[in-house]
Amino acid sequence: MGDVPAEGSPGDPWSAMMKAAMAGDETVYRRLLEDLGRSVRAMARAAFARAKLGDADVEDAVQETLLAIHLKRHTWDPNQRLGPWVNAIARHKIIDAMRRRGARRSEPIEDFQDFLAAPEEEDPHALSDARKLMETLNPRQRDIVQSISLDGQSIAATALRLHMTEVAVRVALHRALKALGAAWRRSVS
Amino acid sequence: MRTSELIAALSADPVPEPIRLGRRLSAALALGLLGALILYLLIVGPRPDFAVALATIRFDLKFLDAAALALPSILLLMRLARPDAKPGALALWLFAPLVLLAAAVVVELIVVPRDEWLSRLVGHNMRYCTTMIPMMAAPILAALIWALKGGAPQHPGWTGALAGAAAAGLASFLYASHCPDDSPLFVATWYPLATLLCAAAGAWAGRRFLAW
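Quick note, the sequences are listed as chains U and S, same order. Following this note's numbering from start to finish, the first sequence increments by one per residue and tops out at 574. Following this note's numbering from start to finish, the second sequence increments by one per residue and tops out at 228.
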């Protein structure tokens, strides 16, 4: 877990990290998402196993959860702890993902907080549907997401390559992520 | 896509202009009410004997009923906009308008002779009541759904239905000043019917627009 000073929130470094992230600290934000992702993954794996579903879509559930955390982070009340809020989002998204796999009645899902001590790394062979869903983006959006996520380029480098301003790249990236979330949601039915 | 790759894209996405949910819902409420008020002034309007009627308990009770519905549903809505919300004891206050109506009906049945029950229940205005309340509720509901899109409600359908009920409560408050039918027998029949229509519309809108 993070080593960010958690003043005023002992034992809850994530809330402090999210506050820093919302204030614009990209590095802390990335580490927070990685941390949360590991515990969400453990939570999703347990839920999928209990519903007797294979592991194949676990990474989709993780990524959808992270995307929802990202797009809905303003619904977190900074006076509350981050854990229960993440739990609510993860539960919502894991249930969606399990329904998509045909699980009719969801077994009870263990609480996110139960997995803090047992985070799980990503299976390097697991590929999510995100790539397929990216085809629903317009070409420019797809190019930008690909450049920043798959190719690991910076916003600045991407802007330079596409002859766009950095602001325009950021706006396009944000729209693309929103569109990706919507495409994922539509794939539920 | 690998999760680490997605995280790279997410952390590159700049911090958005923060949406303040409470403020956004309040703004939507004000805007929606303004719309409802315009419709009220253009189409509905107060009844001619408004001032006299204010002195009668049956008339005043209509406003109390409407407020008893609007107030808890609005407060609950503000809470349910967040994904980790727990309705808590506030949800019980949603029964307040029902209890109030039921009590008023009992008293009315006692004080009014049996052969007047039906005519009081049917009243003069039932069709007007069940169309004007949803009509004035529409702008409020639309504004609330827009505001809630900034949230992440756990149950989009139910949250939408509650928004519909809140809108109906506010619209009923306005409509009550127009309607010449004051008997609790009328109010307990047609106002809830109008509210149900609004809640159904809200449930539909919630499923359609509030899923995330």
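Glycine included, every Cβ here is placed at the ideal spot set by N, Cα and C. Note that the structure is a prediction, hence the values are computed from the model and not measured.
Going by DSSP, what residue range makes up the alpha helix (DSSP H) through residue 130 of chain S?
As a working mapping, residue 130 of chain S is identified with position 114 in the second sequence. Careful: residue 130 of chain S lies outside any alpha helix (DSSP H) and carries neither H nor E.
Exposed unless 16 or more other CB atoms sit within 10 angstroms - verdict on residue 183 of chain S
Numbered from its first residue, the second sequence carries residue 183 of chain S at position 167. So residue 183 of chain S counts as buried.
Report the neighbours of residue 35 of chain S on chain U: residues whose CB is nearer than 7 Å to its CB, in chain order.
As a working mapping, residue 35 of chain S is identified with position 19 in the second sequence. Under the 7 Å cutoff, chain U gives 459.
Closest to residue 466 of chain U by CA distance: which of U/436, U/413, U/404 is it?
Counted from its first residue, the first sequence places residue 466 of chain U at position 81. Closest by alpha carbon: U/404.
Which same chain residues end up closer than 7 Å to residue 557 of chain U when comparing Cβ atoms and leaving out the 5 residues on each side of it in sequence?
In the first sequence, residue 557 of chain U corresponds to position 172, counting from 1. Hits under 7 Å: 525, 526, 529.
How would you list, in chain order, the residues of chain S whose beta-carbon sits under 8 Å from the beta-carbon of residue 428 of chain U?
For the purposes of this step, residue 428 of chain U is identified with residue 43 of the first sequence, where counting begins at 1. By Cβ distance, chain S contributes nothing, its closest Cβ being about 14 Å from residue 428 of chain U, past 8 Å.
Any heavy atom of the ligand HEM within a distance shorter than 8 Å of the CB on residue 225 of chain S?
Within the structure as shown, the ligand HEM is missing, as the structure has no ligands at all.
Less than 9 Å between the beta carbons of residue 198 of chain S and residue 66 of chain S, yes or no?
Mapped onto the second sequence, residue 198 of chain S falls at position 182. Mapped onto the second sequence, residue 66 of chain S falls at position 50. Contact flag unset, no.
Simplified DSSP assignment, three categories, for residue 398 of chain U:
For this step, residue 398 of chain U is matched to residue 13 along the first sequence. If DSSP states are grouped into helix, strand and coil, residue 398 of chain U belongs with the helices.
Any Cβ of chain S within less than 9 Å of the Cβ of residue 399 of chain U?
The count along the first sequence starts at 1 and reaches residue 399 of chain U at position 14. False, the Cβ-Cβ gap to chain S never drops below 9 Å.
Within chain U, the residues that residue 99 of chain S reaches when beta carbons sit closer than 8 Å
What you label residue 99 of chain S is simply residue 83 of the second sequence in a count that begins at 1. Within 8 Å Cβ-Cβ: 457, 460, 470, 473, 474, 477.
Sequence-distant residues of its chain with Cβ nearer than 7 Å to residue 386 of chain U (five each side left out):
For the purposes of this step, residue 386 of chain U is taken as the residue at position 1 of the first sequence. In this prediction, residue 386 of chain U has a pLDDT of 42, which is less than 50 and means its spatial position is unreliable; nothing more can be read from the coordinates.
What does residue 494 of chain U reach in chain S if we use C-beta pairs closer than 9 Å?
Sequence index remark: in the first sequence, residue 494 of chain U carries index 109 (1-based). Here the premise fails: no neighbours, minimum Cβ distance about 13 Å.
Just the C-alpha distance for residue 186 of chain S and residue 108 of chain S, rounded to the nearest angstrom, thanks.
Within the second sequence, the letter at position 170 stands for residue 186 of chain S. Within the second sequence, the letter at position 92 stands for residue 108 of chain S. Going from the Cα of residue 186 of chain S to the Cα of residue 108 of chain S covers about 19 Å.
Within this structure, are the beta carbons of residue 188 of chain S and residue 86 of chain S separated by less than 9 Å?
As a position in the second sequence, residue 188 of chain S is number 172, starting the count at 1. As a position in the second sequence, residue 86 of chain S is number 70, starting the count at 1. For residue 188 of chain S and residue 86 of chain S, yes; Cβs fall inside 9 Å.
Could you confirm whether any beta carbon from chain S is found closer than 9 Å to the beta carbon of residue 549 of chain U?
Counting from 1 along the first sequence, the entry for residue 549 of chain U is found at position 164. No, residue 549 of chain U does not count as interfacial toward chain S.
Pick helix, strand or coil for residue 494 of chain U, following the three-state DSSP scheme.
Looking up residue 494 of chain U in the first sequence gives position 109. Note: residue 494 of chain U maps to coil in three-state DSSP.
Taking CB distances under 9 Å as the criterion, tell me whether residue 20 of chain S reaches chain U.
To locate residue 20 of chain S, count along the second sequence from 1; it is residue 4. Chain U contact via Cβ: present.
Quick one: does residue 226 of chain S have its CB under 9 Å from some CB of chain U?
Translated into the one-based positions of the second sequence, residue 226 of chain S becomes position 210. Chain U, which has no Cβ nearer than 9 Å to the Cβ of residue 226 of chain S, makes this no.
Under the three-state DSSP convention, the category residue 46 of chain S falls into
In the second sequence, counting from the first residue as 1, residue 46 of chain S sits at position 30. Note: residue 46 of chain S maps to helix in three-state DSSP.
Cβ of residue 452 of chain U within 9 Å of Cβ of residue 565 of chain U?
In the first sequence, counting from the first residue as 1, residue 452 of chain U sits at position 67. In the first sequence, counting from the first residue as 1, residue 565 of chain U sits at position 180. For residue 452 of chain U and residue 565 of chain U, yes; Cβs fall inside 9 Å.
What residue from S/195, S/211, S/226, S/201 has the CA that sits closest to residue 62 of chain S's CA?
Indexing the second sequence from 1 puts residue 62 of chain S at position 46. Nearest C-alpha to residue 62 of chain S: S/195.
Between the region 537–566 of chain U and chain S, which residues of the former have CB atoms less than 7 Å from a CB of the latter, in chain order?
537, 540, 555, 558, 559, 562
Hey, is residue 407 of chain U's beta-carbon within less than 9 Å of any beta-carbon in chain S?
The residue you call residue 407 of chain U lines up with position 22 of the first sequence. Judged by the 9 Å Cβ criterion, residue 407 of chain U is in contact with chain S.
Proximity test, Cβ basis, 9 Å: residue 438 of chain U and chain S:
Looking up residue 438 of chain U in the first sequence gives position 53. No, no contact with chain S.
Can you give the Cα-Cα distance for residue 418 of chain U and residue 111 of chain S, rounded to whole angstroms?
For the purposes of this step, residue 418 of chain U is taken as the residue at position 33 of the first sequence. For the purposes of this step, residue 111 of chain S is taken as the residue at position 95 of the second sequence. Their Cα atoms are separated by approximately 42 Å.
Interface residues of chain S around residue 415 of chain U at Cβ under 7 Å?
Position 30 of the first sequence, counted from the start, is the residue given in the question as residue 415 of chain U. Result: 23, 27.
With distances taken between CB atoms, is the gap from residue 28 of chain S to residue 533 of chain U smaller than 9 Å?
Counting from one through the second sequence, the residue named residue 28 of chain S turns up at place 12. Counting from one through the first sequence, the residue named residue 533 of chain U turns up at place 148. Yes, these two residues count as a Cβ contact at 9 Å.
DSSP state of residue 529 of chain U mapped onto helix, strand, coil:
As a working note, residue 529 of chain U is residue 144 in the first sequence. Residue 529 of chain U falls in the helix class under three-state DSSP.
Give the straight-line distance between the Cα atoms of residue 435 of chain U and residue 208 of chain S, rounded to the nearest whole angstrom.
Locating residue 435 of chain U in the first sequence gives position 50, where the first residue counts as 1. Locating residue 208 of chain S in the second sequence gives position 192, where the first residue counts as 1. Going from the Cα of residue 435 of chain U to the Cα of residue 208 of chain S covers about 43 Å.
Run of the alpha helix (DSSP H) containing residue 88 of chain S, from where it starts to where it stops:
Taking the second sequence and counting its residues from 1, the one referred to as residue 88 of chain S is at position 72. Here the alpha helix (DSSP H) through residue 88 of chain S covers 73–96.
Establish whether the CB of residue 17 of chain S and some CB of chain U are separated by less than 9 Å.
Here the question's residue 17 of chain S lines up with position 1 in the second sequence. So yes, residue 17 of chain S belongs to the interface.
Can you look up residue 170 of chain S in the DSSP assignment and give me helix, strand or coil?
Here residue 170 of chain S refers to the residue found at position 154 of the second sequence. Residue state, collapsed to three classes: coil.
Using a Cβ distance threshold of 8 Å, determine whether the region 148–158 of chain S contacts the region 427–445 of chain U, with at least three qualifying pairs required.
no
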